[in-house]
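**Q** Pasting in a structure now, in structure tokens, and then I'll have a few things to ask.
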């Protein structure tokens, strides 16, 4: 599961809840410090990848799936 805005608010809450449900997560936020805070709330026994990313940049968004295991978590790219 890819979650943007995971550094705070709804994104953080969603990351925490899905982590408790044992989801594999690729979480991103433009603010790396808040992203690290979110990571501290997540179980260290789960698969979580962190990305400092600006969602207005298509190149940065593609880097999440290219740089993580999320392709294998979902069985490949969804748009191909």
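In this note's numbering, the protein residues as written are -10 to 69.
Ideal placement from N, C-alpha and C gives every residue a C-beta, glycine not left out.
Would you list the one or two residues that DSSP bridges to residue -7?
**A** 17
**Q** Assuming contact is defined by CB atoms lying nearer than 8 Å, are residue 31 and residue 5 in contact in what I supplied?
**A** yes
**Q** Run the CB neighbour count on residue 48, radius 10 Å, all protein chains shown included, and call it buried at 16 or more, exposed below.
**A** exposed
**Q** Would you identify the three-state DSSP class for residue 25, choosing helix, strand or coil?
**A** helix
**Q** From which residue to which residue does the alpha helix (DSSP H) around residue 5 run?
**A** Residues -2 to 9.
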